[in-house]
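Numbering (our numbering), first residue to last: 430 to 708. For every residue, glycine included, the Cβ atom is placed at its ideal position computed from N, Cα and C. These figures come from a predicted structure and were not determined experimentally. This report refers to the structure that appears directly beneath it.
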Ligand SMILES: NC(=O)c1ccc[n+]([C@@H]2O[C@H](COP(=O)([O-])OP(=O)(O)OC[C@H]3O[C@@H](n4cnc5c(N)ncnc54)[C@H](OP(=O)(O)O)[C@@H]3O)[C@@H](O)[C@H]2O)c1
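In structure tokens form, the structure reads like this:
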């Protein structure tokens with residue numbers, strides 16, 4: 430499929446293609462870019478391991494939110510994860526439009542002990558992290574690579590939903606307390622992505638994550654407090670949990686770019702998300 434760069438004098442609104450539009454970030458991007466001429470493609474509409482659907486109008490901008498996000502599952506099927514994350518990103522880049530790809534704190538090994546900046550060296554601990562790092566390379570030099578962290582939103586599979594469900598069923602839950610990151614509300618991330626694109630910031634890596642940081646156990650306690658759930662959190666180690674994939678112990682993301690978007694604190698994100706869910 431052949432595409433030329435967008436015609437700057439083409440009349441009308443920017444044509445924006447969103448991949449993975451059914452995912453939690455994809456849905457938030459659909460809202461944030463609602464004034465554009467949107468083509469929101471879910472997994473069913475375009476399996477990104479395959480060439481794009483025939484007859485696709487060339488977009489001006491691609492927001493590539495489709496990904497293999499099963500971190501533990503990637504250990505069992507690293508090739509499957511790479512096919513989606515690396516191959517899918519290459520297919521998105523081949524559209525020839527401006528491109529935003531999404532990456533993760535899991536490209537870092539977590540041993541730095543202080544916030545990771547864009548210029549820090551990556552060293553992923555997991556198959557998922559490696560696939561995302563290779564995906565960054567597959568995006569090409571002209572892409573915006575938005576690295577974020579511990580995403581949650583009103584829909585989909587995420588830690589917030591798990592805690593709301595399990596917290597309502599049990600008196601106590603064991604949660605990992607030796608991994609630190611920035612739980613980021615997709616409803617705050619998506620408008621920041623629009624800000625990056627609209628301001629035509631330079632391509633390359635951008636760290637865009639919630640302000641503040643916490644452990645998963647802190648996050649769980651905050652969820653129960655904000656949602657009025659009387660469930661206790663028992664703090665455990667990652668070794669006690671024994672998940673297949675290693676995660677970075679310290680994965681706080683901050684930007685060294687002076688004009689990087691600044692997101693609200695994660696707890697404000699949590700409140701905003703719960704409010705959106707009507708809780
Ligand atoms: N979740 C996090 O904590 C986190 C943290 C940092 C960065 N990120 C990155 O942020 C981006 C968005 O993640 P998210 O949290 O929104 O994940 P998500 O909710 O799992 O959404 C990913 C979407 O991609 C779709 N998808 C999977 N395989 C596909 C394929 N072969 N072709 C087309 N679509 C496919 C999924 O559809 P199905 O569900 O139908 O398979 C899903 O709708 C990803 O690049 C992720 O790596 C996520």
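Taking each of 541, 658, 557 in turn and checking the Cα distance to residue 673, the smallest one comes out for 557.
Taking a C-beta distance under 8 Å as the contact criterion, residue 589 and residue 665 do not qualify as a contact pair. With 16 or more other CB atoms across the displayed protein chains lying within 10 angstroms of its CB, residue 608 is buried. Counting other Cβ atoms within 10 Å of its Cβ, residue 561 reaches 16 or more and is therefore classed as buried. Within the same chain, 649, 652 come within 6 Å of residue 592 by CB-CB distance, once the 5 residues on both sides are set aside. In the structure shown, the three-state DSSP call for residue 601 is strand.
The beta carbon of residue 606 sits closer than 6 Å to those of 644, 646, 664, all from its chain and outside the five residues before and after it, given in chain order. Take the alpha-carbon of residue 507 and the one of residue 514: they are about 10 Å apart. Taken in chain order, the unbroken stretches of alpha helix (DSSP H) that lie wholly in the region 514–570 and span 4 residues or more are 517–522, 556–568. Relative to the Cα of residue 565, the nearest Cα in the group 476, 545, 463, 534 belongs to 534. Contact annotation: residue 578 and residue 685 have beta-carbon atoms that are not nearer than 8 Å.
For residue 471, the shortest separation between its Cβ and any heavy atom of ligand 1 lies below 7 Å.
Under a 10 Å Cβ-count criterion, residue 696 is classified as buried, with 16 or more other Cβ atoms of the shown protein chains found around its own Cβ. If the five residues before and after residue 705 are omitted, its C-beta is found closer than 6 Å to the C-beta atoms of 583, all from its own chain and listed in chain order.
Its chain contains 465, 466, 489, 490 as the residues whose beta carbon lies nearer than 7 Å to that of residue 443, once the 5 sequence neighbours on both sides are disregarded; these appear in chain order. Ranked by how close their Cα comes to the Cα of residue 594, the residues 546, 617, 656, 499 have 656 in first place. Excluding its 5 nearest sequence neighbours in each direction, residue 455 has C-beta neighbours in its own chain below 6 Å: 447, 449, 494, listed in chain order.
Under the three-state reduction of DSSP, residue 454 is assigned to helix. Closest by C-alpha distance to residue 611, out of 693, 659, 621, 667, is 693. Within the same chain, and ignoring the five residues on either side of residue 544 in sequence, the residues whose Cβ sits closer than 7 Å to its Cβ are 681, 682, 683.
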